[in-house]
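0 is the number of the first residue of the sequence shown in numbering that gives the first Met the number 0; add one for each residue after it.
Just so you know, even glycine gets a beta-carbon here, dropped at the ideal spot from N, CA and C.
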Amino acid sequence: MGGCLDAEGCGYQNPDKVRFCAQCGIPTRGSFLLGRYEIMDLLSRDRQTVTLEALDHHRGLPVTVRVLRPREATEQEREEFLQDAELAMSLSSRVNEPGSIRVTDYGQDGPVAFLVKTEFDPARQPARQFRPHMTVRVGSDLLWSEAEATVQAAAGVKEEEGVAEDEVSTERHPALPRRSVSQQRQTTPTGVRDWLAEAHALYEQQRYEEALAAYEVALRSQGNPVEAWVGKGATLMLLGRPEEALAAYDYALRLRPDDPELWNSRASVLHELGRYDEEMYCYDQALALDPNSAFAWSGRGMALAEQNRPEEALLAFDRALVLDPNQSVIWQAMSDTLYSLQRYEEALIAVDRALELESQRASLWDIKGNILRRLKQPDQALPLHERALQLEPQNALYSFDKANDLRDLRRYAEALAAYDEALELDPTLAGAWYNRGNVLAALHMYEDALESYSQALRYDDGLISAWYNKGSLLHELGRYEEALEAFDRALALDAHYIAAWNNKGLSLFALGRLEEALAALDQATAFAPEEPDAWHNKAVVLERLGRSEEARSCQEWVRSLEQQAALRKT
């Protein structure tokens, strides 16, 4: 947890890795603005702004960042702040006296608008500065660059040849804002290549590296169009570079801050980065601009679900579905959330609605099958998981779920075959190795079960139940020292694991280490005083130690617990 830099005016304790204070919205210590300015400390504060000490990592220089308080400022004040910052930066470029204070940058990141000031030092000025948000006017003779060479190679020498018109499903990659041919003719001077149109075409062909290069050229040669920043952001996301994608959307929002779709796009990037508080802020901005955005409501619901706020998430999904009831993805998200709340009957209704809209999506059949298994209906779940496998036969998780149905139906031989199919597709699936071990143990194939547990732990050594089951089997096989090692690993993961303390005590007892056995059983009875088995085992150890009076007391407590249990059943 980290306290807000404005300790006097806010003082909110934020979770680790949050870039902006969840209460007042100002940047937190150690966060970066636009991936460049690292916030160090608070210098001063007033009603509308805070002034922060920061480090410019591009130039390695200390700077001062003045931030408009997002929770205090209106949209009009925010716009005026950025206009003033732009004017101040323009005027500062003419100030060349050493020691003078210059505004060197400004912009928006997340919820904040900010400007950057630094002391002018001629010795530290680079020969030439490039600013991503500058508009560069280039004539018909384009400057050659490596990016342009990449696009030339991709597009071919004959510029008059068009790009293929094959459309790619929007499910496979983010959609881009497209300009009509008439718009392109209006905005692109005669004789100048339309790099933005070429970038869009390369994107649609899924040639993302080439598309990115074309967007870079478009930003330099076509007046810094917002569509190029949007395209660049979408392309960077598909190339697995979300931090850079976020910076691109930030520049797009600097140019068009009243576009709800840009706020939605920025939110999607933040979701990928796991920065859910900031994602929520973006959806709030989008909904302020367009209260009927089903995408924003559904995205808000998914962010709330990620933050373990399922009831609020359900309300957001409800709003989204009122606006657009034909979105199977939202019905699925609602089903998943209801499932997490163990409201299985309602989850079943939601996934059925999703299947009505999209019956060929394998994941929906798998989800419905898992809900039915939770409702203790594995016979009905099995054909649904088989249906999912018909649609996606190479999906290891669907084979795993089918195997779990067969296990619950006690069709163990078929279950083993299904687990083996899942593991052939994905040998790292720890859960499949673990459940396979449980089935083998039920068949009394203990050595094979131990091997399965070991494989499960190879891929997930935090699988506590695998350590416990492995220890229990080793105890049954008389391999008490190995059993103790397994129980200790389970207890290292959960010191309150009652069954592990109990079975550790039994293994120690079998080795004749009576005092240690008693200590383990003391832990079991301390954590679970209502557990009769632990008290019974403790009585046996005490009797062996010659402490008969204490042993009798334990046995009396066991009888009392059993009587209480019998009364509860009547």
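Item to check | Buried or exposed by the 16-neighbour rule on C-beta atoms within 10 Å, applied to D493 | outcome: exposed
Next on the checklist: Mapping the DSSP letters down to three states, classify Q554 as helix, strand or coil.
Outcome noted: helix
Checklist entry - Which parts of the segment 427 to 506 are runs of the beta strand (DSSP E), unbroken and 3 residues or longer, counting only runs that do not cross its ends? => result none
Checklist entry - Under the three-state reduction of DSSP, which class applies to L238: helix, strand or coil? => result coil
Item to check | Residues that I38 bridges to, as DSSP identifies them | outcome: BP columns for I38 point to A53.
Item to check | Assigned secondary structure, Q22 (DSSP; H/G/I helix, E/B strand, else coil) | outcome: Reduced to three states, the DSSP call for Q22 is coil.
Checklist entry - Are Y69 and I25 close, meaning C-beta to C-beta below 9 Å? => result The question names Tyr, yet the displayed sequence has Pro at residue 69. In contact: P69 and I25 (Cβ atoms closer than 9 Å).
Next on the checklist: Does the structure place the segment 313 to 326 close enough to the segment 283 to 296 that three or more beta carbon pairs sit under 8 Å?
Outcome noted: They touch, by the three-pair rule.
Item to check | Whole-angstrom distance between A287 and Y433, CA atom to CA atom | outcome: 49 Å
Checklist entry - Quick one, which of G8, T73, A523 and G2 has its alpha-carbon nearest F574's? => result Limits of the chain in this structure are 0 at one end and 569 at the other, which puts residue 574 out of reach.
Next on the checklist: Classify E561: buried if its beta carbon has 16 or more other beta carbons within 10 angstroms, exposed otherwise.
Outcome noted: exposed
Item to check | Option nearest A421 by Cα separation, candidates G436, N394 and A565 | outcome: The residue with the shortest Cα to Cα distance from A421 is N394.
Checklist entry - What whole-angstrom Cβ distance do T117 and T63 have, given they're in contact under 8 Å? => result 7 Å
Item to check | Nearest-angstrom Cα separation, counted from A353 out to Q359 | outcome: 11 Å
Item to check | For G10, three-class secondary structure by DSSP | outcome: coil
Item to check | T103 - partner residues in DSSP beta bridges | outcome: For T103, which the question treats as bridged, DSSP gives no partner whatsoever.
Checklist entry - Ordered along the chain, which non-local residues of its own chain (more than five positions away) have a Cβ less than 6 Å from that of V557? => result P531, W534 and H535
Next on the checklist: Please report the straight-line C-alpha distance between G232 and Q221, rounded to a whole angstrom.
Outcome noted: 17 Å
Next on the checklist: Cutting at 7 Å between CB atoms, please list the residues of its own chain near A448, excluding the five before and the five after it.
Outcome noted: G436, L439, A440 and L472
Next on the checklist: Within 10 Å of its beta-carbon, does Q341 have 16 or more other beta-carbons around it, so buried, or fewer, so exposed?
Outcome noted: exposed
Checklist entry - Per DSSP, which one or two residues make a beta bridge with R58? => result Paired residue(s): none; R58 is not in a bridge.
Item to check | Option nearest L347 by Cα separation, candidates S339, A53, H199 and S334 | outcome: S334
Item to check | Between the CA atoms of A244 and D165 - distance to the nearest angstrom | outcome: Because D165 sits at a pLDDT of 32, beneath the cut-off of 50, its placement in the model cannot be relied upon, and the following sentence gives the value as read from the coordinates. Straight-line Cα distance between these residues: approximately 26 Å.
Checklist entry - Just curious, the alpha helix (DSSP H) that L390 is in, first and last residue? => result P377 to L390
Checklist entry - For the beta strand (DSSP E) that contains L114, what are its first and last residues? => result From DSSP, the beta strand (DSSP E) with L114 extends over V111 to E118.
Next on the checklist: On the CB-based measure, 16 or more other CB atoms within 10 Å of its CB, does R253 come out buried or exposed?
Outcome noted: buried
Checklist entry - Who are F31's beta bridge partners in DSSP? => result E37.
Next on the checklist: Is the separation between the beta-carbon of Y458 and that of Y496 shorter than 9 Å?
Outcome noted: no
Item to check | Where S264 sits in the DSSP three-state scheme | outcome: Look at S264 here: in three-state DSSP terms it is helix.
Next on the checklist: Contact defined as beta carbons within less than 8 Å: I believe A387 pairs with D419. What is the distance between those atoms, to the nearest angstrom?
Outcome noted: Going by Cβ atoms, the distance from A387 to D419 rounds to 18 Å, so no, they are not a contact pair.
Checklist entry - If you check the beta carbons only, do G368 and A349 fall under 9 Å apart? => result No, Cβ-Cβ distance for G368 and A349 is not below 9 Å.
Next on the checklist: When you compare the CB positions of W194 and A213, do they come within less than 9 Å of one another, or not?
Outcome noted: In this structure, A213 lies closer than 9 Å to W194 by Cβ.
Checklist entry - Would DSSP call D601 helix, strand or coil? => result Past the boundaries of the shown model lies residue 601; the chain is included only from 0 to 569, so the question cannot be answered.
Item to check | Rounded straight-line distance, which links the Cα of D55 to that of P224 | outcome: Distance from the CA atom of P224 to the CA atom of D55, rounded to whole angstroms, is 26 Å.
Checklist entry - Considering only C-alpha positions, which residue in the set R240, M88 and A302 is nearest to V102? => result M88
Item to check | Close beta carbons around R373, own chain, < 6 Å, minus the five adjacent residues each side | outcome: Y343
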